[in-house]
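Everything below concerns the one structure shown next.
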Amino acid sequence: MPIVIPPHSKDLDIFQSIDNAFILPSPRILRFRWGSVVVEQIDQYTGTRKTETVKYKDAKLWPGGSESWNWKEHGTSYRRGITHEDVIELYDTGAQTIVLSMGKMSWLHVPHTVLDDLEHDGYNIIVKPTPIAVEIYNKLAESGHPVAGLFHTTC
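Mapping to the numbering used here: the sequence shown position 124 is 575, numbers consecutive.
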């Protein structure tokens, strides 16, 4: 998922360097409403923020990109919570912090085993209801902090 730019690239000033790898900026969430989230796109070659956006029901975001978060893919559900398999897809994206949203009404939980794994692997973890999670994620993304997240837009 992350774009790694060789050290001789002329575009180095737009990328953040972490352990000698250059990480694209994290896309911002431009609008969040019940059932949808609108995310800006990041140019994969220059690292600049594009004017084009993409709309999702639920979203997976990481430095340099985003995609729809399909709960069925790894079995995330209100009963099971956010699965380790969904979270592990955010590893190796260059993110230092992972924001997990619980839904607007906090019906989606994160099992302790998932949180323990994230902490053990050295990630900063933020788990909040979606409106607060979006606000925190955007503040981190706007400050240039490499952040990833899973965002659920309903319950």
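The beta-carbon is built from N, C-alpha and C at its ideal position, and this holds for glycine as well.
Where does Val561 sit, in a helix, a strand or coil, going by DSSP? coil
Taking the straight line between their C-alpha atoms, what separation do you get for Asn471 and Arg482? Because Asn471 sits at a pLDDT of 49, beneath the cut-off of 50, its placement in the model cannot be relied upon, and the following sentence gives the value as read from the coordinates. Rounded to whole angstroms, Asn471 to Arg482 spans 33 Å at the Cα level.
Assuming Gly516 and Pro478 form a contact by the criterion Cβ under 8 Å, report the distance between their Cβ atoms to the nearest whole angstrom. 7 Å
What three-state label does DSSP hand Glu586 in the structure shown? helix
State buried or exposed for Tyr496, treating a residue as buried only when at least 16 other CB atoms are found within 10 Å of its CB. exposed
Three or more C-beta pairs below 8 Å linking the region 565 to 584 and the region 508 to 527: no
Looking at C-beta atoms only, is the number of pairs between the region 575 to 590 and the region 598 to 606 that lie closer than 8 Å three or more? yes
As a quick exercise: from Lys555, Arg530, Asn575, pick the residue whose alpha carbon is nearest that of Lys508. Lys555
In terms of residue numbering, what span does the alpha helix (DSSP H) encompassing Glu524 cover? 522 to 525
List the whole-angstrom C-beta distance separating Ile576 from Glu570, where the pair is believed to meet the contact cut-off of C-beta under 8 Å. 6 Å
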